[in-house]
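Undergrad: Numbering (this note's numbering), first residue to last: 11 to 185.
1) If you reduce the DSSP assignment to three classes, tell me which class residue 12 lands in.
2) Express the C-alpha separation of residue 47 and residue 113 in angstroms, rounding to a whole number.
3) Hey, residue 58 and residue 147 are a contact pair by Cβ (cut 8 angstroms); roughly how many whole angstroms apart?
4) Whole angstroms are fine: how far does the CA of residue 61 sit from the CA of residue 75?
5) Where do the ends of the alpha helix (DSSP H) carrying residue 98 lie?
6) For a test of the three-state rule: what should DSSP assign to residue 24, helix, strand or coil?
7) Is it the case that the Cβ atoms of residue 56 and residue 80 are separated by a distance below 7 angstroms?
8) Assign residue 18 to one of two classes, buried (16 or more other C-beta atoms within 10 Å of its C-beta) or exposed (fewer than that).
9) Measure the beta-carbon distance from residue 78 to residue 52 and round it to whole angstroms, keeping in mind my assumption that it falls under 8 angstroms.
10) Would you please state the rounded distance, in angstroms, between the beta carbons of residue 41 and residue 54? I believe it to be under 8 angstroms.
11) Which value, in whole angstroms, describes the spacing of the CA atoms of residue 153 and residue 93?
12) Can you name the residues that DSSP bridges to residue 69?
13) Tell me where the alpha helix (DSSP H) around residue 80 begins and ends.
14) If you follow the beta strand (DSSP E) that residue 130 is part of, which residue opens it and which one closes it?
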């Protein structure tokens, strides 16, 4: 019972004092997710590092129950600074734990304070609440990664074009 009480305190602390709340610029992608069952909602922004390999920042705004809002706050603490691959593994581990109906205990080394939501798995109606921000992050990350890849390709193409134009210019100047 003591552990359960500690987990409740973690959830309430993140709900009352949310981390990274308030939408910030710059960002690479923004998504808005709503849980139609209970009306919880979150707007979440993700910024990747210049090379597109690391989660540089997450900011969000939302309204809803303590579980949805606290879980989003925990998410931000856990994945900011992680590589994109590690962040996706963190999201998968959290989703597996809360969707397991109590069969997966969760790995605190991977999901950090997300472990506090292990008890949610016993309440299927609350699983969507816990996953709201995490799934929004996954969608925003996919968009930001696609945008980052697109910008890299554009940069590479424009570099090749400049080189090609320069070479053509030299050819015409000598010919």
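Glycine residues also receive a C-beta, built at the ideal position from the N, C-alpha and C atoms.
TA: In short, the structure shows the following:
1) helix
2) Each residue's Cα considered, the two are about 24 angstroms apart.
3) That pair is no contact at about 12 angstroms.
4) 36 angstroms
5) 94-108
6) helix
7) no
8) Exposed, since its Cβ has fewer than 16 Cβ neighbours within 10 Å.
9) 7 angstroms
10) 6 angstroms
11) Per the coordinates, the alpha-carbon of residue 153 lies some 15 angstroms from the alpha-carbon of residue 93.
12) 55
13) According to the DSSP assignment, residue 80 belongs to the alpha helix (DSSP H) that extends over 76-89.
14) Note, residue 130: premise wrong, no beta strand (DSSP E); not H, not E.
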